[in-house]
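Single-structure report; data block below.
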Amino acid sequence: MIATVRPLLKALRFGALPLTLAAAPASAASFPCDKAEAADEKAICAHLSLNDLDVEMATRFEILRAMLPMGGNAKLREDQETWLTERRTCGGDVACLKQAYEGRLKTLRAVFSEFAKQGPL
-8 MIATVRPLLK ALRFGALPLT LAAAPASAAS FPCDKAEAAD EKAICAHLSL NDLDVEMATR
52 FEILRAMLPM GGNAKLREDQ ETWLTERRTC GGDVACLKQA YEGRLKTLRA VFSEFAKQGP
112 L
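Residue numbers (the numbering used here): -8 to 112.
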């Protein structure tokens, strides 16, 4: 696991995350928009700002999932499922969805910051 985490931490330190986030297409939500049925998903697909937040959240989530040890990974996934359930309660309310994403991103960014504070393993 440590061998896997070291290159990721080094990449994060040298700016790979911003490049990864910038490389993600702005029009590609973390789910297929052509299959969106729920009101929250339709709103995300219809509003570029929400779509961008969704892509950033999904990218950060996937990178963290690869970095965290098993116990932390399970907790991260559990928290993500809880968050997705809460997001769904926003329905198509763009302001509510934006607030939900900003809150989730704040949490994920804090986890990244903790990794950065640890320095090289």
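Cβ atoms here follow ideal geometry from the backbone N, Cα and C, with glycine treated the same way.
Measure the C-alpha to C-alpha separation of residue i and residue j and round it to an integer number of angstroms.
| i | j | result |
| --- | --- | --- |
| D25 | A65 | 29 Å |
| M(-8) | M58 | Because M(-8) carries a pLDDT of 42, less than 50, the predicted location of this residue cannot be relied on, and no value is offered for it. |
| S40 | E28 | 19 Å |
| V102 | M61 | 15 Å |
| R95 | F106 | 17 Å |
| C87 | K108 | 32 Å |
| G82 | D45 | 15 Å |
Can you tell me which of the options puts its alpha carbon nearest to the alpha carbon of residue i?
| i | options | result |
| --- | --- | --- |
| R68 | R56, E77, D84 | R56 |
| R100 | I54, P23, L75 | I54 |
| T80 | A20, D31, F22 | D31 |
| D84 | P23, S21, C36 | C36 |
| E72 | F52, K33, Q90, E93 | F52 |
| N42 | W74, K97, K89 | K89 |
May I ask you to report which of helix, strand or coil DSSP gives residue i?
| i | result |
| --- | --- |
| F22 | coil |
| A27 | coil |
| V50 | Before going on, a small fix: residue 50 reads as Thr here, not Val. Correct three-state label for T50: helix. |
| D45 | helix |
| L39 | helix |
Next on the checklist: Restricting to runs no shorter than 4 residues, where is the alpha helix (DSSP H) found entirely within the segment 53 to 105?
Outcome noted: 61 to 79
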